[in-house]
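Scroll down for the structure; my scribbles are underneath it.
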DNA sequence: TGAAATGTTGGGGCG
DNA sequence: ACGCCCCAACATTTC
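Numbering (my numbering), first residue to last: 68 to 542.
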């Protein structure tokens, strides 16, 4: 038996990898990665440079891990639906195994491949803890409320421990050429490496998990919301690329932390991840339109000036600007800052959440359609179990609560670094002398707010309730 | 996984 | 002693 193991962005690892494990039951294993032009063409790759850097590092790490265990990674360029059947013919493989992924583009690849290969393609679950779609309400429908979903999740089934790690792999048949040199580098794709982007690969992922569990997990419940602290796991990009499996994270966290508040808070985030993936599988159309139909035709504004101010971090609201600059600077944004930022774009500036969603997807190292869409629709109020539309973050209060000393702002908005904590989240209220001592000339070194909070708040409330009211009457 | 407005309660100052 | 006002602290409602 000769088996092709189709590695994908989503399972770039060899540990806890069910398809690989299954392939080892046969004699020969051909690890394969496909360089889809839709993803790895230079122009496309550059549009998501942070993520691409992380993925390429992870791919090279995967190749090194395979090699270390006696195998190699075969790299093929072209469209999945053509390349894989060709590979199967060329190397006379008996079957192809892979993880099933929920993103619509990935699901489409699977459909096309299944049409070409029929029974010879075998897909395994593993992107999530329980297969998306497995949890249903009594009426057989997908859950639309997270707390209900989470309760069903707890009762559904126990979570299996990860598969034992693979010590050695069968040597690649001599006839098979690896073409490993085709694995691109950042340089080859014209991407300038950003040293602030996390290190990819399985080893780095495991190290991150261990360090989190050892140093920060105990205080996770309280610290996770603090934008100025490193209180979170930073595993988001790993979970997207699959350099660690969610099952490994779950099992290790449970083992290390026991039955504590921190465990619950952390694992609950993983359940949110389950929820977003399930939602995307059941309703892939959320990627193009609001989950809640009342939000169809919402009167968003087109305001290029406001958009640019938001995207570049020049709105005059320090926390909002810090988060915009953190995104561009390191391809990551603290979750709390994401929420504040998304709330500001959609509610204060009345700009379509889809524009923010696309911007995040472009720059985030952990950009993932399911998670990113769910986050943005949650903030806009249009999503599945979203916050109510009238919940509007006050960026000043959020800053004071979750960046009490202002150090998050100081890090990303250096022109305000010398302002005392008292004024750092609302520099426009600072006395002239305080501003002067801090070297801040409002309107020159740092902008005045592009919109006044109270005004923006009531503007959104009025516009939203008017739209939703009309909508409700019509439907 | 809000914020702001509004309502309630209770202590203290004061006439 | 009592009512009245103020206001902080907290609770509830509304957006």
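A virtual CB, placed ideally from N, CA and C, is assigned to each residue, including glycine. This structure is a prediction, so every number in the text was calculated from the model and none was measured.
| said: Just verifying my parser: in three-state terms, what is the DSSP assignment at residue 428? | reply: helix
| task | Pick helix, strand or coil for residue 166, following the three-state DSSP scheme. | result | strand
| message | Using the three-state DSSP reduction, which class does residue 122 fall into: helix, strand or coil? | response | helix
| query | CB residue 327 to CB residue 79, shorter than 8 Å? | reply | no
| Which same chain residues, not among the five before or five after residue 430, have their C-beta less than 7 Å away from its C-beta? | 117, 394, 395 and 398
| Candidates 387, 360 and 362: closest to residue 373 by CA position | 387
| Counting Cβ pairs, one atom from each stretch, are 3 or more of them under 8 Å apart for the segment 138–158 and the segment 98–113? | yes
| task | Taking the CB atoms as reference points, tell me whether residue 252 and residue 162 lie closer together than 8 Å. | result | no
| query | Can you give the beta carbon distance from residue 197 to residue 341, rounded, assuming they're within the 8 Å contact cut? | reply | 7 Å
| said: When you compare the segment 174–189 with the segment 213–227, are there three or more beta-carbon pairs, one atom per stretch, that lie closer than 8 Å? | reply: no
| Where in the segment 222–295 do unbroken runs of the beta strand (DSSP E), each at least 3 residues long, occur, reported from the N-terminal end onward? | none
| field | residue 368 vs residue 418 beta-carbon contact at 8 Å | value | yes
| With contact counted as at least three CB pairs below 8 Å, one residue from each stretch, are the segment 408–422 and the segment 520–529 in contact? | yes
| Just to confirm, are residue 230 and residue 85 a CB contact at a threshold of 8 Å? | yes
| Taking all protein chains shown into account, do 16 or more other C-beta atoms lie within 10 angstroms of the C-beta of residue 225, making it buried, or fewer, making it exposed? | exposed
| said: Taking its Cβ as the centre, do 16 or more other Cβ atoms sit within 10 Å of residue 248, making it buried, or is it exposed? | reply: exposed
| task | Starting from the Cα of residue 448, find the closest Cα among 511, 459 and 333 and give me that residue. | result | 459
| request: Measure the CB-CB distance between residue 313 and residue 195 and report whether it falls below 8 Å. | output: yes
| Mapping DSSP to helix, strand and coil, what is residue 346? | helix
| request: Could I get the ranges of all uninterrupted beta strand (DSSP E) runs contained in the segment 194–223, with 3 residues as the minimum, in chain order? | output: none
| Under the DSSP definition of a beta bridge, which residues are partnered with residue 144? | 102
| message | Nearest by alpha-carbon distance to residue 534: which of 364, 442 and 284 is it? | response | 364
| task | For the beta strand (DSSP E) holding residue 189, just list the boundary residues, first then last. | result | 188–191
| task | Return the first residue and the last residue of the alpha helix (DSSP H) that residue 527 is part of. | result | 520–541
| request: Report the rounded CA-to-CA distance for residue 390 versus residue 518, giving the unit in angstroms. | output: 18 Å
| request: Would you kindly report the start and end of the unbroken beta strand (DSSP E) that includes residue 74? | output: 69–74
| DSSP bridge partner residues for residue 95 (one or two, in chain order) | 69
| request: Give the single residue among 433, 152 and 500 whose Cα lies nearest to the Cα of residue 76. | output: 433
| Buried or exposed by the 16-neighbour rule on C-beta atoms within 10 Å, applied to residue 331 | exposed
| Looking at residue 154 and residue 99, is the spacing between their C-beta atoms short of 8 Å? | yes
| request: Quick one: grab the DSSP three-state call for residue 334. | output: helix
| query | Cα-Cα, which of 483, 257, 452 and 209 is closest to residue 512? | reply | 483
| request: Would you kindly work out how many angstroms separate the C-alpha atoms of residue 475 and residue 294, rounded to a whole number? | output: 6 Å
| field | Own chain, CB closer than 6 Å to residue 401, minus 5 neighbours either side, in chain order | value | 294
| field | Nearest candidate by alpha-carbon position, reference residue 115, set 263, 258 and 505 | value | 258
| Contact under 8 Å by Cβ, residue 233 with residue 87 | yes
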